[in-house]
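Contents: one structure, followed by commentary.
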Ligand code: HEM
């Protein structure tokens, strides 16, 4: 059994972990291990939003973005997913990952101009960019099985062996290296300012972001039925709650996404992605909202019983980022998009 925090990021603890004494987790889980030389990563969300069917312009924008990703200094990995939001707009979100911020910086300005710049104002669609560049001390990952990394973990050098800090409330915080000495409390609130035709966010310290994924590709009939009939509807109710009532509990926005394949067809993978005022607000929702408490309990029971035979794959990545590590920009999006949903417009 290893710690989720790699040796080179271990520091003297001034904040207590919630790991129970002599704790043995009831089922195995694993975390991504970057090479020690990786100091910071970039997670960049590029969204396009339209009302009815995709137009030629929106298809063209997505192709253009894919060609930028494939170009010089582009991301090591990216994926694309889709959801229909509360205002009934379709949002297609392409998430790209780098583990060298210098490459991202060399790549980003031209991509930004082409995605949220004036060139897009005639496309009859909304565009947004949401970027985090957390230091490796400021985020954690968790996987219920090995063999198919997702998200930032695709860039990792390796996966860990079984880690100790999981399957109890507070495990997420205990896996974030910075939590050894910092309570990761939010400072201030984000605000929106107008920059020409774009809306930008003045960020807040210690905003929190989660991408929590589910993959039922490999499940056989019984497991698939169990997931799709018993778990997914409860997950969906939890995702709808965060989408509709999230701001009152510190969730700025939530997207329940379906991952798309290279041809734009739905796969058997989904993820919830949300932005939070604080890690603490996310913890409170996870451990108290009836939907998540129920799926957490069901998954614990099921993973403990099936162990490595379980074919449903679960993973997540959670980051807490300082103000300098964030970038948010929106062009022609409706007012319930992303951080626009819960944040005050000040100028
Ligand atoms: C089918 C979907 C899901 C299932 C079965 C599920 C189940 C679980 C389980 C078993 C854990 C404990 C993991 C461990 O430490 O070993 C967990 C943790 C957590 N989940 Fe989920 N979850 C699902 C979706 C989500 C989604 C979509 C979100 C939010 C967007 C979310 C938020 C969290 C958080 C924040 C924790 C960490 C709690 C803590 O350590 O304090 N989960 N979930």
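In my numbering, the protein residues as written are 9 to 355. Every residue, glycine too, gets a C-beta built ideally from N, C-alpha and C.
For residue 30, is the classification buried or exposed, using 16 other Cβ atoms within 10 angstroms of its Cβ as the cut-off for buried?
exposed
Flag this pair as yes or no: are the beta carbons of residue 220 and residue 280 separated by less than 8 Å?
yes
Here's the rule: buried if 16 or more other CB atoms are within 10 angstroms of the residue's CB, otherwise exposed. What is residue 290?
buried
Buried or exposed, going by whether 16 or more other CB atoms sit within 10 Å of the CB of residue 201?
exposed
Out of 141, 175 and 97, point me to the one whose CA is closest to residue 60's CA.
97
At the level of alpha carbons, what is the spacing between residue 121 and residue 28?
50 Å
Quick one: measure Cβ to Cβ for residue 261 and residue 347, integer angstroms, because I've assumed they're closer than 8 Å.
6 Å
Among all the DSSP beta bridges, which residues are the ones paired with residue 277?
Answer is 223.
Whether or not the stretch 334-344 and the stretch 165-182 are in contact is what I'm after, with contact meaning three or more pairs of Cβ atoms, one per stretch, closer than 8 Å; do they touch?
no
Let me know the secondary structure DSSP gives residue 325 once reduced to three states.
strand
Would you mind giving the Cβ-Cβ distance between residue 104 and residue 86, rounded to the nearest angstrom? I have them listed as a contact below 8 Å.
4 Å
Does any heavy atom of ligand 1 sit closer than 7 Å to the C-beta of residue 179?
yes
Below 7 Å, is the gap between the Cβ of residue 297 and the nearest heavy atom of ligand 1?
no
Around the C-beta of residue 223, are 16 or more other C-beta atoms found within 10 angstroms, so that it is buried, or is it exposed?
Buried is the label assigned to residue 223, since at least 16 other Cβ atoms lie within 10 Å of its Cβ.
Classify residue 118 as buried or exposed, calling it buried when 16 or more other Cβ atoms lie within 10 Å of its own Cβ.
Here residue 118 is exposed. Its C-beta has fewer than 16 other C-beta atoms within 10 Å.
Beta carbon of residue 210, beta carbon of residue 141: below 8 Å?
no
Quick check: the stretch 132-141 against the stretch 12-28, are there 3 or more CB pairs under 8 Å?
Short answer: they don't touch.
Are the stretch 180-195 and the stretch 231-243 in contact at 8 Å, needing three or more beta carbon pairs?
no
If you reduce the DSSP assignment to three classes, tell me which class residue 123 lands in.
helix
So, helix, strand or coil for residue 310, using DSSP?
helix
For residue 440, count neighbouring C-beta atoms within 10 Å of its own C-beta (all shown protein chains included) and say buried if the count is 16 or more, exposed if not.
The chain is shown from 9 up to 355; residue 440 falls before or after that span and cannot be answered.
Determine the extent of the alpha helix (DSSP H) in which residue 206 is found, giving its start and end residues.
Segment 206-210 is the beta strand (DSSP E) holding residue 206; no alpha helix (DSSP H) there.
Since I believe residue 247 is in contact with residue 90 (beta carbons under 8 Å), could you give me their beta-carbon distance rounded to a whole number of angstroms?
14 Å between Cβ atoms; not a contact.
Please report the straight-line C-alpha distance between residue 329 and residue 216, rounded to a whole angstrom.
7 Å
Enumerated in chain order, which unbroken segments of the alpha helix (DSSP H) with a length of 4 residues or greater are wholly contained in the stretch 131-195?
179-183
I'd like to confirm something about residue 239: is its beta-carbon nearer than 7 Å to some heavy atom of ligand 1, or not?
Checking the Cβ of residue 239 against ligand 1 gives yes.
Could you give the residue range of the beta strand (DSSP E) that holds residue 335?
334-339
Indicate whether the contact test is met: 3 or more Cβ pairs, each with one atom in the stretch 32-39 and one in the stretch 68-78, closer than 8 Å.
no
With DSSP collapsed to three states, give me the class of residue 45.
coil
Do you know whose CA, among 317, 188, 310 and 143, lies nearest residue 332's CA?
143
Please report the residue range of the beta strand (DSSP E) in which residue 351 lies.
First-last for residue 351: undefined, no H or E at that position.
From residue 161 to residue 343, what distance separates their C-alpha atoms?
Rounded to whole angstroms, residue 161 to residue 343 spans 32 Å at the Cα level.
Quick test of your reading: residue 250 and residue 214, contact by CB under 8 Å. State the CB separation rounded to the nearest angstrom.
About 19 Å; that fails the 8 Å criterion.
So, at 7 Å on beta carbons, what are the nonlocal neighbours of residue 212 in its own chain, with the 5 sequence-adjacent residues on each side left out?
194, 195, 196, 197, 198 and 331
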